[in-house]
Amino acid sequence: GTTLVQWVWGGFAVDNATLTRFFTFHFVLPFIVAAATMIHLLFLHQTGSNNPIGVNSDSDKIPFHPYFSWKDIMGFLVMTMALIMLSLINPYLLGDPDNFIPANPLVTPVHIQPEWYFLFAYAILRSIPNKLGGVIALVMSIAILFIMPLMKSNFRGL
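The following block contains the structure:
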């Protein structure tokens, strides 16, 4: 509890050390993810993936390069172009108009709502009057995503 909080904060309160740690973490994390992705693709290219359909002959297999590597590169380029268009060409496209209202620290806004990616959690918490019940419902709404793949089903697909 307290020891972990003080370790993450770097002291007894959120300070410059905390901001520096989180900035460093958010700066380094994409490079770690990119390196892990490259290592994963390297191992997949060297050893090959598993054999779910049971075909053992090499004549029915498709080589990783150039087919799958070009597909991965094209997907990466499409996503990079979409990110560039959203962040550089039209950065306010997905923004909330309330963010352009000048802040007044003396007046609380009439209606405060979270960003769109937190609206599901906000709706769950607001729909249950009991605070503990709302938190339990929120945790269960996320836990169901981890539980569903483990459940036994007779559905085999189309």
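The working numbering numbers the first residue of the sequence shown as 6 and each following residue consecutively.
We put the beta carbon where it would ideally sit given N, CA and C, even for glycine.
Item	Value
Taking the beta carbon of residue 129 as the centre, do at least 16 other beta carbons fall within 10 Å, making it buried, or is it exposed?	buried
Does DSSP put residue 118 in a helix, in a strand, or in coil?	coil
Would a C-beta distance cut-off of 8 Å place residue 45 and residue 69 closer than the cut-off?	no
At the level of alpha carbons, what is the spacing between residue 33 and residue 159?	43 Å
Check residue 104 in the structure and name its three-state DSSP category.	helix
For residue 13, which residues from the same chain have a beta carbon less than 8 Å from its beta carbon, with the 5 sequence-adjacent residues on both sides left out?	23, 26
Grouping DSSP H, G and I as helix and E and B as strand, with all else coil, what is residue 133?	coil
In whole angstroms, what is the alpha-carbon distance linking residue 18 and residue 10?	9 Å
Please look up how many angstroms separate the CB atoms of residue 114 and residue 127, rounded, as I've assumed it's under 8 Å.	That belief does not hold up - the Cβ atoms of residue 114 and residue 127 are roughly 15 Å apart, past 8 Å.
Are the Cβ atoms of residue 82 and residue 91 separated by less than 8 Å?	no
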